[in-house]
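Numbering (the numbering used here), first residue to last: 86 to 294.
Just so it is clear, CB atoms sit at the ideal spot from N, CA and C, and this is done for glycine as well.
All values derive from a computational prediction rather than experimental measurement.
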């Protein structure tokens, strides 16, 4: 009896017999997929992307439409201490201070350090700006209300440079410089800028004696 049944099934397969399907399955549509599964797959974001990630403008030339006003000078951002005269080895302090700003105008303070070696205390201050922005830079001796040492000279469209010098004496001549960075009149907006202060640079005239 079992042999007859197997032979009958085999013969039916060869003859392309059709077996009944469940009422909700179409034999010509492939495997059945539930509507819930389809909805879930349609809602999934592409691989590697976040469904909530905002569009990002990668252009570095686009200025920010608004920026903070220049804060009062009683609370500067402290950039630390740098060696500012011809120094021995090892040097007691770094010769370079650097700061990456988010674009807001601000005040900065750097202390220029003397060493036992003879030589004047000097430094150059460089402001590097993104395209389509414009900032003004002023450098003061000792405090924000001190003597104006220099105004940034716009060497290029995106760079301003200023310099300071204090002549060496027999005493310790350490002193602070205060740097004001503010948005220039008529500037379209703000953008991340970089401030670099380098000690022991050639400066021809004393500005902070």
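Spatial neighbours of residue i within its chain, please: CB distance less than 7 angstroms, with the 5 preceding and 5 following residues excluded, ordered by chain position.
i, result
"residue 204", "170, 171 and 253"
"residue 267", "155, 190, 220 and 221"
"residue 95", "Any reading at residue 95 needs caution, since the residue's pLDDT is 42, under 50, leaving its predicted position unreliable; the model's value is listed next. None."
"residue 233", "223 and 225"
Cα separation between residue i and residue j?
i, j, result
"residue 246", "residue 167", "18 angstroms"
"residue 294", "residue 235", "13 angstroms"
"residue 258", "residue 277", "33 angstroms"
"residue 187", "residue 161", "15 angstroms"
"residue 263", "residue 227", "7 angstroms"
"residue 194", "residue 218", "23 angstroms"
"residue 243", "residue 292", "25 angstroms"
"residue 260", "residue 165", "12 angstroms"
"residue 286", "residue 209", "6 angstroms"
"residue 196", "residue 274", "30 angstroms"
"residue 157", "residue 163", "14 angstroms"
"residue 146", "residue 198", "Any reading at residue 146 is ruled out, since the residue's pLDDT is 46, under 50, leaving its predicted position unreliable."
"residue 185", "residue 256", "34 angstroms"
For residue i, I'd like the list of residues in its chain whose CB is within less than 6 angstroms of its CB, leaving aside the five on either flank, ordered along the chain.
i, result
"residue 153", "189"
"residue 223", "236 and 265"
"residue 231", "225"
"residue 183", "281"
"residue 288", "207, 248 and 250"
"residue 239", "245"
"residue 179", "167"
"residue 283", "181 and 209"
"residue 214", "220, 243 and 278"
"residue 211", "246 and 281"
Among residues of its own chain, excluding the 5 on either side of residue i, which ones have a beta-carbon nearer than 8 angstroms to its beta-carbon?
i, result
"residue 202", "170, 171, 172 and 173"
"residue 124", "Confidence is the limiting factor: at residue 124 the pLDDT is only 36, short of 50, which leaves the residue's position unreliable, though a coordinate-based value still follows. There are no such residues."
"residue 200", "168, 170, 171, 172, 173, 176 and 177"
"residue 159", "229"
"residue 272", "148, 218, 219 and 220"
With DSSP collapsed to three states, give me the class of residue i.
i, result
"residue 293", "coil"
"residue 204", "coil"
"residue 283", "strand"
"residue 278", "coil"
"residue 182", "strand"
"residue 191", "strand"
"residue 152", "coil"
"residue 199", "coil"
"residue 230", "coil"
"residue 157", "coil"
"residue 224", "strand"
"residue 163", "strand"
"residue 168", "strand"
Quick check on residue i - is its C-beta less than 8 angstroms from some C-beta in chain C?
i, result
"residue 255", "This model lacks chain C altogether, as it is built from one protein chain only."
Contained beta strand (DSSP E) runs [length at least 3] in the region 235 to 273, N- to C-terminal order: 238 to 241, 244 to 251 and 260 to 268
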